[in-house]
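Novice: Take the sequence shown: its position 151, counting from 1, is numbered 151 in full-length UniProt numbering, and each next residue is one higher. The C-beta atom is built at its ideal place from N, Cα and C for all residues, glycine as well. In this text, all values refer to a predicted model and were calculated from it rather than measured experimentally. If you scroll down you'll find the structure; I have some questions about it.
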Amino acid sequence: MLFTRPSTKQRTKFFVITAATCTALFLYVQIRSGHNGAPAGPHLHSTWSKPTPGFQYAEVEGKGRLPSDDSESDYGPSLPSDPTPVTVTATPTPTTIDVIFPEDYGPPPRNDFCEDRYGVDFLKRYASNHTEYCTEGDSSLQCFYGARGEYAPHPFDYFCVAQGVTVTEGKLQMSCKPSEEKKAEIASFPEYMYWTGVRKILDNHVQFSTEETVKSKIHTLQCGSKDKRRSEKSTAVLFMRDTGANMWHSLMEVMAYYLSLDILSISRDDDNEPFFLEREDSKDLQVLWTDEVAPGPYADLWSLYSSKPSIHIEDLDLETTCFDRVIIPLPGHTNPLWEGDWHTLDCTNSTLLDAFTRRVFRHLHIDAPEPSDKLTVTILDRKKTRQLPDLEHFLELLKAKYPSINFNLLDLAATSFADSLAIYRQTDVLVGTHGAGLTGLMFMDKRKAVVEFIPPDFWHRGFRNMAQLMGHRYFSLHGTKAEEDEEGDWRRPPVRVNEERFMRAMDVAIKSQVNLGKWNLDVDRD
């Protein structure tokens, strides 16, 4: 049989058919490979993605949302690692499955006592109770109030927000006048430790006026005018601190200030706008201290929401003529952590406290410590009052008995607040006599240990209660009284503890940590 050379047309047709066949085989192999490499059963895809700026976890019913940052709410949980719901894509068409767990997987029973004090219910209670105190004018004074618990010194606590305030020779003036009934209510606002509180600030620094000159000045300067864009409005925060140097007092005050802004952020005014919106209102905000104490070691914390440095009110720029808003926050002694500090409370967590410590770490750039293969014990070294006698001797005994443990002495008077925060954060066991330095236990990681040596016949429970809120193991030991000690004087004398009692307390605290977290040691190991 003779073979003839195919024509050009036939050769072209052959090549086209061959190329199409190869392409089809290649696609078939790829598809089969994809199916063969997949696990049996449907393929699960998470529907969760990292929140975008503005995302918030918690929402207060009818009052907006709780404050949050770009990626994480201060009052919300950490980002979920195993989120639900999931989407099943056995076919190209996704189907969303609503996961409903049995009731036994739900949250534990609610503890109303603890949630009212240490949870977001504290914020909601104030947010839902506010009223106007100044009428018949172009300014306004809105005051918020919250009922307190059985251990609080007053049945109600107050804080206020003024709109439309002029500044004349350092005095704040408002163009409105409280009614006689409202005047009486303001006069009944509580006064707190060291003569602090909203009423003291209103009495000393704010004038209510119906004079035409004040009204005209407010109109001319557009103080508090609704015609202004929110980002253009100025805000002053008036706060009277009690000492400025005591860690417990100072942090209670700063936290009360933060809580006040949180309450304002979930409350709504007559225009259904939040009283405080961080991204707008902090652009021109300044804290003005109405006290006479020095800025102190905790001054930086007052600038969390501020675009300007915190100053004393008498140092206010003479060219300042008006504020659109003036906020007078809750005073420090209204802080729920201060309530019931002479009583043993059974509360084991606090959303408010967790939010506060997160903010402090973020603001001062205190990172989590690097993992360590050794326990760290930090002993507070007081120099002036309530010292622990023989501390140097006790420290040598501890180092000899526990050679694998890091022991630090912390003198807060000689250490900056930021540096002390870093030390607290890497501490496993915090030790000290009763005093403000133990406030730092709030900055330790959860489930650590605290040892408090207490003056004789002294039964303050504030640090005990806070330790429990943080999940810490708390151990207390009262000192022995010396003959020369004055009756009832607990503030100055040293706290005397003998060697045997000291070492026994330390042994219990250290051993409480050896099987927590990353540790897994025999309890009889030194």
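Going by the CB atoms, is the gap between Asp390 and Asp411 shorter than 7 Å?
Specialist: no
Novice: Please identify the residue among Pro178, Leu516, Asp112 whose C-alpha is closest to the C-alpha of Lys374.
Specialist: Leu516
Novice: Closest to Lys481 by C-alpha separation, out of Asp457, Arg461, Pro107, would be which residue?
Specialist: Asp457
Novice: Suppose only complete runs of 4+ residues qualify. What are the alpha helix (DSSP H) ranges in the region 118-178, listed by chain order?
Specialist: 121-127
Novice: Can you give me the start and stop residues for the beta strand (DSSP E) that Trp195 sits inside?
Specialist: First-last for Trp195: undefined, no H or E at that position.
Novice: The beta strand (DSSP E) with Thr210 in it runs from where to where?
Specialist: Thr210 -> no beta strand (DSSP E), and no H or E assigned at all.
Novice: Do you know whose CA, among Ala152, Thr378, Thr168, lies nearest Gly432's CA?
Specialist: Each of Ala152, Thr378, Thr168 was checked against the Cα of Gly432, and the nearest Cα belongs to Thr378.
Novice: Do you know offhand how far Ala162's Cα is from Ser303's?
Specialist: 20 Å
Novice: Going by Cα to Cα distance, which pick from Asp315, Phe443, Leu316 is closest to Leu353?
Specialist: Phe443
Novice: Leaving out five residues on either side along the sequence, give the residues of the same chain with a beta carbon under 7 Å from the beta carbon of Gln222.
Specialist: Lys228
Novice: List the whole-angstrom C-beta distance separating Val293 from Arg325, where the pair is believed to meet the contact cut-off of C-beta under 8 Å.
Specialist: That belief does not hold up - the Cβ atoms of Val293 and Arg325 are roughly 25 Å apart, past 8 Å.
Novice: In its own chain, which residues sit with a C-beta less than 7 Å from the C-beta of Ser420, not counting the 5 before and 5 after it?
Specialist: Leu410, Leu412, Gly440
Novice: Who does Ser476 pair with in a DSSP beta bridge?
Specialist: DSSP lists Glu452 as partners of Ser476.
Novice: Using a Cβ-Cβ cutoff of less than 7 Å, which residues in the same chain neighbour Ser404 once the five nearest sequence positions on both sides are dropped?
Specialist: Lys374
Novice: Just to confirm before moving on: does the CB-CB distance between Ala436 and Gly332 stay below 7 Å?
Specialist: no
Novice: Give the secondary structure of Gly332 by DSSP, where H, G and I count as helix, E and B as strand, and everything else as coil.
Specialist: helix
Novice: What is the rounded straight-line gap between the Cα of Gly232 and the Cα of Arg464?
Specialist: Sequence inspection shows Glu at residue 232; the Gly mentioned does not correspond to that position. Looking at the two C-alpha atoms, the distance is approximately 46 Å.
Novice: Can you name the residues that DSSP bridges to Cys322?
Specialist: When DSSP reads this structure, Cys322 sits in a beta bridge with Thr166.
Novice: Based on DSSP bridge pairs, tell me the residues matched to Gln426.
Specialist: When beta bridges are read from the DSSP output, Gln426 appears opposite no residue.
Novice: For the alpha helix (DSSP H) that Asn515 lies in, which residues bound it at each end?
Specialist: From DSSP, Asn515 is part of no alpha helix (DSSP H); its letter is neither H nor E.
Novice: Measuring CB to CB, does Ile186 end up less than 7 Å from Ile328?
Specialist: no
Novice: Quick one, which of Lys124, Leu123, Pro274, Glu150 has its alpha-carbon nearest Leu345's?
Specialist: Glu150
Novice: Mapping the DSSP letters down to three states, classify Pro276 as helix, strand or coil.
Specialist: According to the sequence as given, residue 276 is Phe; it is not Pro. Here Phe276 sits in coil by DSSP.
Novice: Between which two residues does the alpha helix (DSSP H) carrying Asn465 extend?
Specialist: 462-469
Novice: Who are the Cβ neighbours of Gly340 in its own chain at under 6 Å, not counting the five residues just before and after it?
Specialist: Tyr151
Novice: What did DSSP end up calling Arg504 once you bin it into helix, strand or coil?
Specialist: helix
Novice: If you check the beta carbons only, do Ile266 and Ala127 fall under 7 Å apart?
Specialist: yes
Novice: Sorted by chain position, which residues of the same chain lie with C-beta nearer than 7 Å to residue 530's C-beta, five sequence neighbours on each side aside?
Specialist: Absent from the model: residue 530. The displayed extent of the chain is 1 to 526, so no value can be given.
Novice: Cα separation between Val514 and Trp248?
Specialist: 29 Å
Novice: Just the C-alpha distance for Leu285 and Leu264, rounded to the nearest angstrom, thanks.
Specialist: Leu285 and Leu264 have their C-alpha atoms some 15 Å from each other.
Novice: What does a CB cutoff of less than 8 Å around Val523 pick up in its chain, not counting 5 residues either side in sequence?
Specialist: Lys511, Val514, Asn515
Novice: Under the rule that 16 or more other beta-carbon atoms within 10 Å means buried, what is Ala368, buried or exposed?
Specialist: exposed
Novice: Using a Cβ distance threshold of 8 Å, determine whether the region 356-372 contacts the region 138-148, with at least three qualifying pairs required.
Specialist: no
Novice: Report the start-end ranges of each beta strand (DSSP E) in the region 198-262 that is 3 residues or longer and not cut off at the edges.
Specialist: 206-209, 235-239
Novice: Taking the beta carbon of Phe323 as the centre, do at least 16 other beta carbons fall within 10 Å, making it buried, or is it exposed?
Specialist: buried
Novice: Leaving out the 5 sequence neighbours to the left and right, which residues in its chain are closer than 6 Å to Arg473 when beta-carbon positions are compared?
Specialist: Ala449, Ser512
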